[in-house]
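K.L.:
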Amino acid sequence: MTPRELISHYLAAAKRGDWDTAFGFFADDIVVRIPGRSEFAGDRQGRDAAVGYIQAIRDHYRDGEIELELIDMLSSDDRVALLVRERFRGVGPPVEIRRANVYRVHEDEIAEISIFEGDQYVVDELLERVEPR
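So for the sequence shown, our numbering puts the first residue at 92; every next one is plus one.
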């Protein structure tokens with residue numbers, strides 16, 4: 092499977108809310124690089140840490156909605172970049188963020204995710220309201 096195909100399957104699972112399948116694409120030693128100044132910022136290592144970060148945000152918006160829109164996908168031999176727009180509704184005023192997530196794929200697993208925010212201040216404010224897991 093090419094990195095582009097793998098990320099397409101990951102993204103499809105996430106968009107339909109099948110997080111068990113989505114998280115199954117993560118390598119055991121995945122590294123997630125989170126920018127900013129929130130409690131979440133820095134490198135999160137391991138599947139549990141990566142899942143914990145995503146679940147904390149999902150839990151915070153449990154009664155609302157998180158909408159993911161793929162703007163573009165760029166790929167190479169071992170990396171895929173997703174340009175996305177995410178809308179968060181439910182707790183407080185709606186928030187829209189744009190970001191680029193760069194995934195490094197190794198041996199048919201997501202080995203690394205680097206996040207690049209379009210507006211880091213908005214994301215830091217959003218994450219201030221989220222309890223870490």
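Beta carbons: idealized from backbone N, C-alpha and C, even for Gly.
Tell me the rounded alpha-carbon separation between V171 and N192.
P.N.:
On the sequence shown, residue 171 is found 80 positions in, with the first residue counted as 1. On the sequence shown, residue 192 is found 101 positions in, with the first residue counted as 1. So the alpha carbons of these two residues sit roughly 8 angstroms apart.
K.L.:
Ends of the alpha helix (DSSP H) at V142?
P.N.:
Taking the first residue of the sequence shown as position 1, residue 142 is located at position 51. Taken as a continuous stretch (DSSP letters only), the alpha helix (DSSP H) holding V142 covers 138-151.
K.L.:
Look up R170 in the DSSP assignment and give the residues it is bridged to.
P.N.:
Mapped onto the sequence shown, residue 170 falls at position 79. For R170, which the question treats as bridged, DSSP gives the partners R195.
K.L.:
State the start and end residues of the unbroken alpha helix (DSSP H) segment that holds A113.
P.N.:
Within the sequence shown, residue 113 is the residue found at index 22, counting from 1. Unbroken alpha helix (DSSP H) run through A113: 110-114.
K.L.:
Considering just the uninterrupted stretch of the alpha helix (DSSP H) at S99, what are its terminal residues?
P.N.:
Within the sequence shown, the letter at position 8 stands for residue 99. Residues 94-106.
K.L.:
Enumerate in chain order the residues of its own chain whose CB-to-CB distance from I157 is below 6 angstroms, with the five nearest sequence positions on each side excluded.
P.N.:
Locating residue 157 in the sequence shown gives position 66, where the first residue counts as 1. Excluding residues within five positions, the ones whose Cβ falls inside 6 angstroms are F179.
K.L.:
In the DSSP assignment, find the beta strand (DSSP E) that holds V123 and state where it starts and stops.
P.N.:
Along the sequence shown, read from residue 1 onward, the residue named residue 123 stands at position 32. Per DSSP, V123 belongs to the beta strand (DSSP E) from 117-125.
K.L.:
Against chain D, does L97 count as a neighbour if the rule is that its beta carbon must be under 8 angstroms from one of theirs?
P.N.:
Looking at the structure shown, chain D is missing, and only one protein chain is on hand.
K.L.:
From the DSSP output, in three-state form, read off V213 for me.
P.N.:
Numbered from its first residue, the sequence shown carries residue 213 at position 122. Helix, per DSSP.
K.L.:
Give me, in chain order, the residues of the same chain whose beta-carbon lies closer than 7 angstroms to that of M92; leave out the 5 immediate sequence neighbours on both sides.
P.N.:
Here residue 92 corresponds to residue number 1 of the sequence shown, with the count starting at 1. Result list for M92: D199, in chain order.
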